[in-house]
Amino acid sequence: MPERRTVALVTLGCARNEVDSEELAGRLEADGWQLVEDAEDADVAVVNTCGFVEAAKKDSVDALLEANDLKGHGRTQAVVAVGCMAERYGKELAEALPEADGVLGFDDYTNISDRLQTILNGGIHAAHTPRDRRKLLPISPAERQSAGADVALPGHGAPRACRRTCPRAWRPSPAPVHPCAAASTVPRSPR
Numbered sequence: 001m002p003e004r005r006t007v008a009l010v011t012l013g014c015a016r017n018e019v020d021s022e023e024l025a026g027r028l029e030a031d032g033w034q035l036v037e038d039a040e041d042a043d044v045a046v047v048n049t050c051g052f053v054e055a056a057k058k059d060s061v062d063a064l065l066e067a068n069d070l071k072g073h074g075r076t077q078a079v080v081a082v083g084c085m086a087e088r089y090g091k092e093l094a095e096a097l098p099e100a101d102g103v104l105g106f107d108d109y110t111n112i113s114d115r116l117q118t119i120l121n122g123g124i125h126a127a128h129t130p131r132d133r134r135k136l137l138p139i140s141p142a143e144r145q146s147a148g149a150d151v152a153l154p155g156h157g158a159p160r161a162c163r164r165t166c167p168r169a170w171r172p173s174p175a176p177v178h179p180c181a182a183a184s185t186v187p188r189s190p191r
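Okay, here's the thing in structure tokens:
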């Protein structure tokens, strides 16, 4: 039986990045990847970047460079940037940081396994050109309920908010929670 592909997820930044990393981990595990804690034990090191303030950008670049240093000293064969910095700078980041074997935007998350396998096999996945994601949001939900319940958005108003909140132009809003599902946890707005 062939050895399982291994991946390490290095998560920087806010709680939203932690949630994204959990989503990526679930998708990768479901597709046969083995998650490992230490990047030096991984075939692919995926760095979930934060790119809002200069210190966060520096931390993200440093993490990508540290992961790149593992190549040639063991198992690590590829380094991939995901997250806010990868989304915000896309192609520009890929050109400025050739140490990253791939720079994947949020739209790549649904196909993360295929993207990593392509990169691991020496293929190239073209980095995206960032765009204003607010224009991609629906104008109105398909199903509406009468007034009386508030709509909660995951990550909005959470007690552990991002210290480096990303502008909505390059960090997509989460899907709305149906009012009935959130009614028990959201206080009613004063009317």
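Start counting the sequence shown at 1; every next residue gets the next number (the working numbering). Each residue gets a CB set at the ideal place from its N, CA and C atoms; glycine is no exception.
Hey, is the stretch 71-78 in contact with the stretch 13-25, meaning 3+ C-beta pairs nearer than 8 Å? No: the two stretches stay apart, fewer than three of their Cβ pairs being nearer than 8 Å.
So I119 packs on D107, CB below 8 Å; how close in whole Å? By one-based count along the sequence shown, residue 119 stands at place 119. By one-based count along the sequence shown, residue 107 stands at place 107. Their Cβ separation, rounded to whole angstroms, is 16 Å, which puts I119 and D107 out of contact at 8 Å.
Pick helix, strand or coil for H178, following the three-state DSSP scheme. Here residue 178 refers to the residue found at position 178 of the sequence shown. Because the pLDDT of H178 is 48, which lies under 50, any placement of that residue in the model is unreliable, and the question is left without a value.
Compute the Euclidean distance between the alpha carbons of V10 and V47, then round it to the nearest angstrom. Numbered from 1 along the sequence shown, position 10 holds the residue referred to as residue 10. Numbered from 1 along the sequence shown, position 47 holds the residue referred to as residue 47. Each residue's Cα considered, the two are about 5 Å apart.
Is S146 buried or exposed, if buried means 16 or more other CB atoms sit within 10 Å of its CB? The residue given as residue 146 occupies position 146 in the sequence shown. Bear in mind that the predicted position of S146 carries a pLDDT of just 48, short of 50, making it unreliable; the figure below should be weighed with that in mind. Result: exposed.
One question on the structure: do C84 and T49 come within less than 8 Å of each other, judged by their Cβ atoms? Translated into positions along the sequence shown, residue 84 becomes position 84. Translated into positions along the sequence shown, residue 49 becomes position 49. Going by C-beta atoms, C84 is nearer than 8 Å to T49.
Name the residue from A45, A63, D59 whose alpha carbon lies nearest to the alpha carbon of V80. For this step, residue 80 is matched to residue 80 along the sequence shown. Nearest option by C-alpha distance: A45.
Starting from L24, follow the beta strand (DSSP E) in both directions and report where the run begins and ends. Taking the sequence shown and counting its residues from 1, the one referred to as residue 24 is at position 24. No beta strand (DSSP E) holds L24; the alpha helix (DSSP H) holding it covers 15-30.
A30: which of G123, A56, T6 sits nearest, CA to CA? Within the sequence shown, numbered from 1, the residue matching residue 30 stands at position 30. Taking A30 as reference, the option from G123, A56, T6 with the minimal CA-CA separation is T6.
Starting from G90 and walking both ways along the alpha helix (DSSP H), at which residues does that stretch end? As a working mapping, residue 90 is identified with position 90 in the sequence shown. Run containing G90: 84-96, per the alpha helix (DSSP H) assignment.
Of the choices V19, Q77, K91, whose alpha-carbon is the least far from that of Q117? Numbered from its first residue, the sequence shown carries residue 117 at position 117. Closest by alpha carbon: Q77.
Got a sec? Which residues, its chain only, sit under 7 Å from G90 by beta carbon, not counting five neighbours each side? On the sequence shown, position 90 is the one that residue 90 refers to. V103, G105, A127, H128, T129, P130, listed in sequence order.
Distance CB(R4)-CB(Q34) smaller than 8 Å: On the sequence shown, residue 4 is found 4 positions in, with the first residue counted as 1. On the sequence shown, residue 34 is found 34 positions in, with the first residue counted as 1. Yes. Within cutoff.
Within its chain, find whatever has a CB closer than 8 Å to the CB of E99; leave out the 5 residues flanking it on each side and keep chain order. Counted from its first residue, the sequence shown places residue 99 at position 99. Its chain contains L64, L65, N68, V79 as the residues whose beta carbon lies nearer than 8 Å to that of E99, once the 5 sequence neighbours on both sides are disregarded; these appear in chain order.
So, with DSSP's three-state summary, where would you put N68? As a working mapping, residue 68 is identified with position 68 in the sequence shown. N68 falls in the helix class under three-state DSSP.
Length of the line joining the Cα atoms of K57 and V82: Counting from one through the sequence shown, the residue named residue 57 turns up at place 57. Counting from one through the sequence shown, the residue named residue 82 turns up at place 82. Rounded to the nearest angstrom, the gap between the Cα atoms of K57 and V82 is 13 Å.
Out of A8, A55, I112, which one is the CA nearest neighbour of E40? In the sequence shown, the residue the question calls residue 40 occupies position 40. Nearest option by C-alpha distance: A8.
Close Cβ partners of S21 (< 6 Å) along its chain, the five nearest in sequence each way excluded: If you number the sequence shown from 1, residue 21 lands on position 21. For S21, the CB contacts under 6 Å within the same chain, skipping 5 residues up- and downstream, are L9, T11, N48 in chain order.
Own chain partners of D43 with C-beta closer than 8 Å, once the 5 adjacent residues on each side are dropped: Sequence index remark: in the sequence shown, residue 43 carries index 43 (1-based). Apart from the 5 residues on each side of it in sequence, D43 sits with its Cβ closer than 8 Å to the Cβ of R5, T6, V7, R75, T76, Q77, A78, L120 in its chain, given in chain order.
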